[in-house]
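S.K.:
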Amino acid sequence: MDNYKKDFPILENRNIAYLDNGATTQKPIQVIDALTEFYKNYNANPHRGAYGLSIEATEKYEDTRTKIAKFINARHREEIIFSKNATESLNLIAYSYGPNNLSENDEVVLSIMEHHSNLVPWQKITKQTKSTLKYMYINNNYEISDEEIETKITDKTKIVGITHVSNVLGTINNLKKIIKYAHKKGAIVIVDASQSIPHMRIDVQDMDADFLVFSGHKMLAPLGIGVLYGKKQLLNDMTPFLMGGDMIEYVYEQDTTFAPLPNKFEAGTQNVEGVIGLGSAIDYIESIGYEEIQKIEKELTEYAIDKLSKLEFLTLYLTKNKLNHSSVISFNIKGVHPHDVATILDSQGVCVRSGNHCAQPLMRFLGIDSTCRASLYFYNTKEDIDKLVNGLQTAYNMFKKYIK
Amino acid sequence: MDDLTEMYNELIMEHSMNSYNKKQLDDANFEEKGHNPNCGDEITLQIKVNGNIIEDMAFSGNGCAISQASTSIMIDTLKGKTIEEAKEIIQTFINMIKRETTDENELKKLEDAIAFKNVSNMPARVKCALLAWHTLEDLLQQVK
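Quick note, the sequences are listed as chains A and B, same order. Note that the first sequence covers residues 84 to 487 in my numbering. Note that the second sequence covers residues 1298 to 1441 in my numbering.
1. Does the beta carbon of glycine 438 of chain A sit closer than 8 Å to a beta carbon anywhere in chain B?
2. In three-state DSSP terms, what is asparagine 1335 of chain B?
3. At a CB-CB cut-off below 8 Å, which residues of chain A make contact with leucine 1301 of chain B?
4. Can you tell me whether proline 92 of chain A sits near the ligand NAD, meaning its C-beta is under 7 Å from at least one heavy atom of the ligand?
5. Anything in the stretch 253-285 of chain A with a Cβ closer than 8 Å to a Cβ of chain B? List those residues in chain order, please.
6. For tyrosine 400 of chain A and proline 129 of chain A, I'd like the C-alpha separation in whole angstroms.
7. Can you name, in chain order, every residue of its own chain whose Cβ lies under 6 Å from the Cβ of lysine 1441 of chain B, other than the five neighbours on each side?
8. Check each candidate in B/Leu1342, B/Ile1370, B/Asn1315 and name the one with the smallest Cα separation from lysine 1406 of chain B.
9. Helix, strand or coil: which one does DSSP assign to glutamate 1303 of chain B?
10. Contact defined as beta carbons within less than 8 Å: I believe leucine 252 of chain A pairs with valine 411 of chain A. What is the distance between those atoms, to the nearest angstrom?
11. Only counting the same chain, and skipping five residues up and downstream in sequence, which positions put a Cβ closer than 6 Å to that of isoleucine 1372 of chain B?
12. Quick one: list the residues of chain A neighbouring asparagine 1349 of chain B, beta-carbon separation under 9 Å, in chain order.
13. Residue range of the alpha helix (DSSP H) that tyrosine 479 of chain A falls in?
14. CA-CA distance, lysine 143 of chain A and leucine 118 of chain A?
15. Using a Cβ-Cβ cut-off of 8 Å, state whether methionine 481 of chain A counts as contacting chain B.
16. For the stretch 428-465 of chain A, which segments carrying the alpha helix (DSSP H) assignment without a break, of at least 4 residues, lie completely within its bounds, in sequence order?
17. So is glycine 1331 of chain B in contact with chain A if we call contact Cβ pairs under 8 Å?
18. Name the residue from A/His422, A/Asp320, A/Leu306 whose alpha carbon lies nearest to the alpha carbon of alanine 1426 of chain B.
19. Using C-beta distances below 6 Å, list every residue in its chain close to glycine 327 of chain A, excluding the 5 sequence neighbours before and after it, in chain order.
20. Which word fits isoleucine 163 of chain A, buried or exposed, when buried means at least 16 other C-beta atoms lie within 10 angstroms of its C-beta?
21. Let me see if you follow: with CB-CB separation under 8 Å, is isoleucine 486 of chain A close to chain B or not?
22. Strictly under 8 Å for the Cβ-Cβ distance: is aspartate 423 of chain A near chain B by that measure?
23. Any chance you could list the alpha helix (DSSP H) runs of at least 4 consecutive residues sitting entirely within the stretch 302-326 of chain A, in chain order?
24. Which residue from B/Phe1413, B/Pro1420, B/Thr1399, B/Ile1340 puts its Cα closest to that of glycine 1331 of chain B?
25. Could you check the C-alpha separation between leucine 383 of chain A and aspartate 1324 of chain B for me, to the nearest Å?
26. Measuring alpha carbon to alpha carbon, tell me which residue in A/Lys267, A/Asn250, A/Glu375, A/Lys260 is nearest lysine 42 of chain A.
27. Mind checking whether lysine 314 of chain A and aspartate 289 of chain A have CB atoms under 8 Å apart?
28. Please report the residue range of the beta strand (DSSP E) in which glutamate 1356 of chain B lies.
29. Taking DSSP's pairing of strands, which residues face alanine 100 of chain A in a bridge?
30. Whether or not the stretch 270-284 of chain A and the stretch 431-441 of chain A are in contact is what I'm after, with contact meaning three or more pairs of Cβ atoms, one per stretch, closer than 8 Å; do they touch?
31. Between the C-alpha atoms of asparagine 407 of chain A and asparagine 224 of chain A, what's the straight-line distance to the nearest angstrom?
32. In whole angstroms, what separates the C-alpha of isoleucine 368 of chain A from that of leucine 1342 of chain B?
33. Would you tell me roughly how many angstroms separate the C-alpha atoms of valine 1364 of chain B and proline 204 of chain A, rounded to the nearest one?
34. Compute the distance between the beta-carbons of serine 458 of chain A and leucine 102 of chain A, then report whether it is under 8 Å.
35. Kindly indicate if chain B contains any beta-carbon less than 8 Å away from that of serine 453 of chain A.
36. If you measure beta-carbon to beta-carbon, which residues of the stretch 1309-1328 of chain B are closer than 8 Å to chain A?
Structure (structure tokens):
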């Protein structure tokens, strides 16, 4: 197995087992260098200047749009809209698509494992349009059953929101089934690919998603850059989300006509360095290849689950079906709060997330307040997992005589 | 590791895992909820005020060892105190955690709650230690 850590300066500079990749990934030197290169040689405001430098900056910005379109197999490059992050992309859909396409008696169906970002906006929009918000729940194996899909998605359903991979459970949802069934019932489907695109190939045409969103920072790119993919016809019919510069055609004192896609949804000067960084992150991922990434992650995840299952003081929250599980592992030491566990792990140089993971309705459904979560990426190693396991043993030893 | 073992000491562990202050007060006259949305720490404080004196106090809820122990030890420290004394001690505790007070004499007023001094070296846990104290601060606003 190649050691990819050498490409990540922070993993060389800090003696840590970084296991919080579901929150954000570290950045390879190739991405860091691409940002420096942009500011040293190409920085100008795209779409604004008639001079050579601005045109070069525009080319770099727009070439990345084309690269992303190819990367997720979008039919048209203007179906790629840049945003701040997945949250902003989801809000854009909710605010620009929701109100014009929902009315009383209509239903929006989400999964109970949605991140707050694909849930809270829909609470607002369904209340505003007097439509109904419904949930697809998970079974004892932390998966959404086919029966649940077919019960909850009905002729009344207009919008389905579904995360590709749960950021808490690591469950990989059966998107093809959900999308096919939703389309049969006349609903559109929004896919949150934030937790999947760092780990697996996304093909928006093959899955037939109507909208798909993700954040760059969870796939090696800088913080603050996100993507919205939408089918061209849907995006064309939507009203702009943010108004301002570069998204207009003609502006009069009282009225404005809007620019065509994609500019219609990109008001104001954009996060150009983020776009450049995302392009470079995609190059890096392609240079390794998803096949290799999955091979490494599968081996690491199996190793981790095997080791963690042997700690009898631990509860694991994951499906038994390996094929439906990504590289996210949630767990608790029975009787010990996850924050205390995370603090003790931190003292051993192990970074894990603890808390409700922006998924309070899921936590409530599971009957727990919070979990610890280790989320792996291809640069992690078995040594990182061993550190986690040893740290958990230390935490348990500190607490065991007090556990009721 | 030193900060850590000092932090998770006998006193704090006992209070967090098996607190005698974690119960329902039947004759409470004031109640207040406290919540750290990012962590999920959640407590409800109940107090019985008689005249100017905090005669009894109890809590319910759940959260990490630091938040639960801090609540329980706060109750031990403040039970029997006047409202004015309690407000002063709350301020001293907040100042200790924020490293604004290091005066030993001042800190003595905190009694067992001085055990949380090291939390000032653990920025991620400051909110956990302060939850109960801020909640009581809010609660005492209601007491005329």
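Even for Gly, the Cβ is constructed at its ideal location relative to N, Cα and C. The structure presented is a predicted model; accordingly, all values stated were derived computationally and were not measured.
M.R.: Looking at the coordinates:
1. With respect to chain B, the C-beta atom of glycine 438 of chain A has a partner C-beta closer than 8 Å.
2. Asparagine 1335 of chain B: coil per DSSP, three-state reduction.
3. One finds Thr426, Ile427, Ser430 in chain A with Cβ atoms closer than 8 Å to the Cβ of leucine 1301 of chain B, taken in chain order.
4. Looking for the ligand NAD in the displayed structure turns up nothing, as the structure carries no ligands at all.
5. So the list is empty, because no residue satisfies the distance condition.
6. Taking the straight line joining both Cα atoms gives about 46 Å.
7. If we look at lysine 1441 of chain B and ignore the five residues flanking it on each side, it has no Cβ neighbours.
8. Checked all of B/Leu1342, B/Ile1370, B/Asn1315; the closest Cα to lysine 1406 of chain B is B/Ile1370.
9. In the structure shown, glutamate 1303 of chain B adopts helical secondary structure according to DSSP, grouped into three states.
10. Here leucine 252 of chain A really is in contact with valine 411 of chain A; their C-beta atoms are around 7 Å apart, less than 8 Å.
11. These residues qualify, in order along the chain: Asn1318, Met1354.
12. Ordered by position in chain A, no residue passes the 9 Å Cβ test against asparagine 1349 of chain B, which lies about 36 Å from the chain.
13. Counting along the chain, the alpha helix (DSSP H) containing tyrosine 479 of chain A begins and ends at 465-482.
14. Their backbone Cα atoms lie some 12 Å apart in a straight line.
15. When Cβ-Cβ separations below 8 Å define contact, methionine 481 of chain A makes contact with chain B.
16. Listed in chain order, the complete alpha helix (DSSP H) runs (minimum 4 residues) inside the stretch 428-465 of chain A are 443-449.
17. No, glycine 1331 of chain B does not count as interfacial toward chain A.
18. Among A/His422, A/Asp320, A/Leu306, the Cα nearest to that of alanine 1426 of chain B belongs to A/His422.
19. Here the set comprises Ala350, Gly351.
20. Buried, by the Cβ-count rule.
21. Interface residue, yes.
22. Yes, contact with chain B.
23. Along the stretch 302-326 of chain A, the alpha helix (DSSP H) occurs as fully enclosed runs of 4 or more residues at 315-320, listed in sequence order.
24. Restricting attention to B/Phe1413, B/Pro1420, B/Thr1399, B/Ile1340, the CA atom closest to the CA of glycine 1331 of chain B is found in B/Ile1340.
25. Computed Cα separation, rounded: 56 Å.
26. Because chain A is modelled from 84 through 487, residue 42 of chain A falls outside the range shown and cannot be assessed.
27. Going by C-beta atoms, lysine 314 of chain A is not nearer than 8 Å to aspartate 289 of chain A.
28. This sequence places phenylalanine at residue 1356 of chain B; glutamate is not what is there. That run of the beta strand (DSSP E) goes 1350-1359.
29. Its beta-bridge partners are A/Val433.
30. Touching, no.
31. Approximately 10 Å, taken between the alpha carbons.
32. Annotation: isoleucine 368 of chain A to leucine 1342 of chain B spans about 51 Å, alpha carbon to alpha carbon.
33. The sequence shown places serine at residue 1364 of chain B, not valine. C-alpha separation (whole angstroms): 31 Å.
34. In this structure, serine 458 of chain A lies near leucine 102 of chain A, with their beta-carbon atoms less than 8 Å apart.
35. Interface residue, yes.
36. Identification of residues in the stretch 1309-1328 of chain B having a C-beta nearer than 8 Å to some C-beta of chain A yields Met1310, Glu1311, Ser1313, Met1314, Asn1315, given in sequence order.
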